[in-house]
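S.K.:
Chains as they are written, first to last, in my numbering: chain A, 169 to 337; chain B, 183 to 281.
1) For residue 289/A, count the other beta carbons within 10 Å of its own beta carbon; 16 or more makes it buried, fewer makes it exposed. Which is it?
2) Looking at chain B, is there any beta carbon in it that lies within less than 9 Å of the beta carbon of residue 179/A?
3) Taking 9 Å as the threshold (C-beta atoms), are residue 196/B and residue 276/A in contact?
4) Strictly below 8 Å CB to CB, what residues from chain B border residue 272/A?
5) Give me the Cβ distance between residue 211/B and residue 202/A, rounded to the nearest whole Å; I'm assuming they're in contact under 8 Å.
6) Going by C-alpha distance, which of 193/B, 228/B and 270/B is nearest residue 247/B?
7) If you measure between the beta carbons of residue 225/A and residue 240/B, is that distance less than 9 Å?
8) Could you tell me whether the stretch 301-319 of chain A touches the stretch 191-209 of chain B, where touching means 3 or more Cβ pairs closer than 8 Å?
9) What does residue 219/B touch in chain A if you count any residue whose Cβ is under 7 Å from its own?
10) Output, in chain order, the set of chain B residues within a Cβ distance shorter than 9 Å of residue 268/A.
11) Kindly confirm or deny that the stretch 230-248 of chain A and the stretch 308-326 of chain A touch, where touching means at least three C-beta pairs closer than 8 Å.
12) For residue 247/A, return the contacting residues in chain B, with the cut-off set at a CB-CB distance below 8 Å.
13) Would you mind giving the Cβ-Cβ distance between residue 260/A and residue 207/B, rounded to the nearest angstrom? I have them listed as a contact below 8 Å.
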C-alpha cells in the first residue's frame, strides 16, 4: 500500500518534471528574448536536477543546481550583457532556414524514440535507486582517480584559455 | 519507474537542443542549446547507472557537468572575441571562410 502510493507519487512527480523540462526547452529555442531564454534555461536545468533526485542521485542533483544554475546561467547572463544584446524582443534570433532545423531534429527524435522503446520497453529502474554520496566519492577517488585529475587539468586549461581569449591586447 | 520515461525525456531534450543549435543565429543562444544537449546526455548516464545499480553513471555525469562548465567558459570567450572583432554575434555573418 505504502509502496503503491510512493510509485504513484513518483510518476506524478516525473510527469510534472518532464512537462517543465520540455516546455522550458522549447521556450529556450523559440523565444525572441535572450534574457527570457536564459531564465527558461534555469527551469530546464532545475527540472533535470529534480529528475536526478528522482533517480536517487542526490549528489549529482545538488551539483547540477550549484554548478549549472549557480555558475553557468550567471555566465550566460554576463555573456548576454557583454555582447550588448537588446534586453527585449529581438526579431533576428532565429535563422531564416529554421525549417531545416525541424527537418533534422524531428527524425532524430523519431529514430531515438523508436530505438529506445524497442530496446528498453520493459526495463524498470527499481523502486530504491538511492546511491549514497559516500559511495560516489569512494568510486570517484578509487576507480576514477586519474580521469578526475585529468578533468581538473582540463578545467585549468579552459580557465587560462578563456582569459587569454577574452583579454584585451 | 520505467527506464524509458527518463530515456525518452533525454531524447526529447536532445532533439530540442539539436534544433536550437541549427536554427539560432545568436552565438549565446547556440551555447544554451548545447547545454540542453549535454543535460540530455546526463539524464541518460544517471538513468543507466540507476538501472545497473552502479555509481559509474553518476561519476561520468559529474565529469560531463565539469566539462560543460569549461566549455561554456571558453565558448563565451570566443563569442566575446567575435563581438569585439565584428560588433555582432550573428552567426550568419561569420562566413569569412566560406568557399
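Glycine residues also receive a C-beta, built at the ideal position from the N, C-alpha and C atoms.
All of these numbers come straight from a predicted model, not from anything done at the bench.
M.R.: Put simply:
1) exposed
2) yes
3) yes
4) 200, 201 and 204
5) 7 Å
6) 228/B
7) yes
8) no
9) Ordered by position in chain A, no residue passes the 7 Å Cβ test against residue 219/B, which lies about 10 Å from the chain.
10) 204 and 205
11) no
12) 210, 213, 258, 261 and 262
13) 7 Å
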